[in-house]
Amino acid sequence: MRRVRFLYPESKTKVLTMSYDDGKKADYRLVGIFNKYGIRGTFHLNSGNLGKDGWVKSEDVKELYSGHEVSCHTVTHPFLERVSSLRVVDEVWEDRRNLERLCGYPVTGMSYPMGTYNSEIVKQLEVLGIEYCRTTVSTEKLGIPDNFLMWHPTCHHANARLMELADQFINSKYTMPVFYVWGHSYEFEREEPKNNWGIIEEFCRKVSGKDDVWYATNMEIVRYICAMRSLIFNVDNTQVYNPTCQRVWFTCDEKTFVAEPGKVTCF
Ligand SMILES: [Zn+2]
635 MRRVRFLYPE SKTKVLTMSY DDGKKADYRL VGIFNKYGIR GTFHLNSGNL GKDGWVKSED
695 VKELYSGHEV SCHTVTHPFL ERVSSLRVVD EVWEDRRNLE RLCGYPVTGM SYPMGTYNSE
755 IVKQLEVLGI EYCRTTVSTE KLGIPDNFLM WHPTCHHANA RLMELADQFI NSKYTMPVFY
815 VWGHSYEFER EEPKNNWGII EEFCRKVSGK DDVWYATNME IVRYICAMRS LIFNVDNTQV
875 YNPTCQRVWF TCDEKTFVAE PGKVTCF
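Numbering (this note's numbering), first residue to last: 635 to 901.
Okay, here's the thing in structure tokens:
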């Protein structure tokens, strides 16, 4: 059988994404660092805290995070498994509504406050239109998650193996590695044990500017993988129908092809 190997957009072979929670003021500086290095990510915001002392202002959300993704983190940051089902619905639905009004697009990504959840909450998120939700469980791996509603990141930025994992990622020969780093920007403000802003600068310098890396938001990865999984191939593996609205890249017999949206591509 002819072997098809999927690629990320523009024939990139790897993807890096960053995921930062809570929307505190240190985000202003962190976004500046990401922009300087062309690194992109997702910012999970509690709309009920925006504008409070120490948090990003509501009126800055659209411009500050442009080029990145704004995502839910609930209105008030409760432990979701310790509140009523109705409260879960309200916390997510209202966070979506508030953030969507600020950003001007559907906000359907999320990260769990405190990283905690249960199977009932996962089901509720599906009904609430959430497409993915990040946990705080570090896998120290570069895989595509089994279930995007329980998306376990590669590691926290303070993980002792961060730079080692970055090297593994840069040198990886595996198919479609995902390097997913999460944290809180306010953690960089701590001066002990060393200047923590230095950690993220060093990391960004190391992983930026690579021709084979796609620098993506969390949602861009979810939607690309979903499009990839929606492709319909013929039995001979010579034609592919792409029922989605996204271009999908792949190689076959050493040649690169693009499955064009809404069309059958012969390869
Ligand atoms: Zn949080």
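Quick reminder that beta carbons are idealized off the backbone N, C-alpha and C, glycines included.
heavy atom of ligand 1 below 7 Å from residue i C-beta
{"i": "Asp655", "result": "yes"}
{"i": "His790", "result": "no"}
{"i": "His707", "result": "yes"}
{"i": "Pro747", "result": "yes"}
{"i": "His711", "result": "yes"}
Inter-residue CB distance, residue i and residue j (contact presumed, cutoff 8 Å)
{"i": "Cys767", "j": "Met784", "result": "7 Å"}
{"i": "Phe853", "j": "Gly675", "result": "According to the sequence provided, residue 853 is Met. The question's Phe does not apply to it. So it is not a contact: roughly 11 Å between Cβ atoms."}
{"i": "Ile667", "j": "Cys838", "result": "6 Å"}
{"i": "Val665", "j": "Val704", "result": "No, Val665 and Val704 are not in contact; Cβ-Cβ is about 11 Å, not under 8 Å."}
{"i": "Gly701", "j": "Leu684", "result": "Going by Cβ atoms, the distance from Gly701 to Leu684 rounds to 19 Å, so no, they are not a contact pair."}
Cβ neighbours of residue i in the same chain (closer than 7 Å, five flanking residues each side left out)
{"i": "Leu736", "result": "Ser692, Val695 and Lys696"}
{"i": "Tyr849", "result": "Leu650, Gly672, Ile673 and Arg674"}
{"i": "Glu715", "result": "Thr750, Tyr751, Asn752 and Ile755"}
{"i": "Glu823", "result": "Ala660"}
Inter-residue spacing [alpha-carbon to alpha-carbon] between residue i and residue j
{"i": "His818", "j": "Arg636", "result": "45 Å"}
{"i": "Asn781", "j": "Ile804", "result": "25 Å"}
{"i": "Ser772", "j": "His786", "result": "6 Å"}
{"i": "Asn732", "j": "Asn871", "result": "46 Å"}
{"i": "Glu603", "j": "Lys686", "result": "Since the first and last residues shown for the chain are 635 and 901, residue 603 lies out of range."}
{"i": "Lys659", "j": "Lys897", "result": "46 Å"}
{"i": "Asn868", "j": "Val638", "result": "12 Å"}
Residues bridged to residue i (per DSSP)
{"i": "Ala893", "result": "Val882"}
{"i": "Phe822", "result": "Answer is none; Phe822 lacks a bridge partner."}
{"i": "Gly675", "result": "Met652"}
{"i": "Trp848", "result": "Val649"}
Cβ neighbours of residue i in the same chain (closer than 8 Å, five flanking residues each side left out)
{"i": "Asp846", "result": "Lys646, Thr647 and Lys648"}
Cβ neighbours of residue i in the same chain (closer than 6 Å, five flanking residues each side left out)
{"i": "Val892", "result": "Arg881 and Trp883"}
{"i": "Ile866", "result": "Tyr875"}
Near ligand 3: residue i beta-carbon under 7 Å from a heavy atom
{"i": "His786", "result": "Ligand 3 is not part of the structure shown, which contains ligand 1 as its ligands."}
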